[in-house]
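Have a look at the structure below before the remarks.
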Amino acid sequence: MKRLTLTVTGLMAVLCIAPLCPAQTLGEYARAARSQDKPKQGKQPRQFDNDNLPRSDKLSVVGKDTPPANDHQNAQTEEGQPAETAATAKPADKPEQDDKQKQGDEWKRKIADQKKKIDLLSREYDVLQREYRLRAAAMYADAGNRLRNQGAWDKEDAQYKQQIEDKKKALDDARQELDDTKEKARKAGMPAGSLD
């Protein structure tokens with residue numbers, strides 16, 4: 229028993245004294261590791277920020293430098309004729325670019341209108357289907373009503389089914405028309421990715 233008491237007392241003393249020992253914190257360890265790494269790194273690259281950027285000198289830019297306009301005016305072709313400058317080439321290209329832009333906008337507008345038409349037809353088709361399901365559920369839920377109005381229900385049922393089929397056909401036709409419009413635009417030179 230004395231041995232157990234002595235062991236427990238010793239263990240308690242160790243546990244009480246352990247937190248009082250100064251331990252190295254994580255911050256101190258990181259500082260020590262950083263100070264050891266500094267001499268090994270040698271020369272560090274220069275870091276730029278807004279405070280140490282040069283304000284009076286020009287910064288060097290990587291890439292091609294645009295030649296001044298005078299170089300183009302003095303350049304000549306192999307036949308000795310002056311080369312066409314960028315300034316004279318742009319006005320000729322500009323109407324073609326404007327025409328392409330207008331044509332592209334026109335095709336995009338046609339396709340957007342067709343998509344709106346498809347969305348509207350799709351919503352109308354969904355509404356007709358839901359109405360039909362609700363009417364059918366109401367009709368079949370009431371056995372007395374079903375027996376009394378069997379002839380009227382058959383007539384309305386056929387009419388609703390016909391409306392649903394007509395709307396489905398119109399929706400399919402609109403989708404086919406959209407595909408045809410996209411194909412025409414592609415054949416006219418519009419990229420396929422810009423038509424979606």
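If you count the sequence shown from 1, you need to add 228 to reach our numbering. Even for Gly, the Cβ is constructed at its ideal location relative to N, Cα and C.
(1) Alpha carbon to alpha carbon, how far is P323 from A317? Give it in angstroms, no decimals.
(2) Does E405 pass the burial test, meaning 16 or more other C-beta atoms within 10 Å, or should it be called exposed?
(3) Count the other C-beta atoms from every protein chain shown that fall within 10 angstroms of the C-beta of D400, then say buried if there are 16 or more, exposed otherwise.
(4) So, is M418 buried or exposed, given that buried needs 16 or more other C-beta atoms within 10 angstroms?
(5) Would you call the CB atoms of R414 and I346 closer than 7 Å?
(6) So Y368 and R361 are supposed to be a Cβ contact under 8 Å. How far apart are they, rounded?
(7) Do you know offhand how far Q390's Cα is from R376's?
Straight from the coordinates:
(1) Counting from one through the sequence shown, the residue named residue 317 turns up at place 89. Counting from one through the sequence shown, the residue named residue 323 turns up at place 95. A caution first: A317 carries a pLDDT of 48, below 50, which makes its placement in the model unreliable, though a value can still be read off. Distance between the alpha carbons of A317 and P323: 11 Å.
(2) Here residue 405 corresponds to residue number 177 of the sequence shown, with the count starting at 1. Per the 10 Å Cβ criterion, exposed.
(3) Start at 1 with the first residue of the sequence shown, and residue 400 comes out as number 172. So D400 counts as exposed.
(4) Start at 1 with the first residue of the sequence shown, and residue 418 comes out as number 190. By the neighbour-count rule (16 or more Cβ atoms within 10 Å), M418 is buried.
(5) Along the sequence shown, one-based indexing puts residue 414 at 186. Along the sequence shown, one-based indexing puts residue 346 at 118. No Cβ-Cβ contact shorter than 7 Å links R414 with I346.
(6) Counted from its first residue, the sequence shown places residue 368 at position 140. Counted from its first residue, the sequence shown places residue 361 at position 133. No, Y368 and R361 are not in contact; Cβ-Cβ is about 11 Å, not under 8 Å.
(7) To locate residue 390, count along the sequence shown from 1; it is residue 162. To locate residue 376, count along the sequence shown from 1; it is residue 148. When the Cα atoms are used, Q390 and R376 turn out to be separated by approximately 23 Å.
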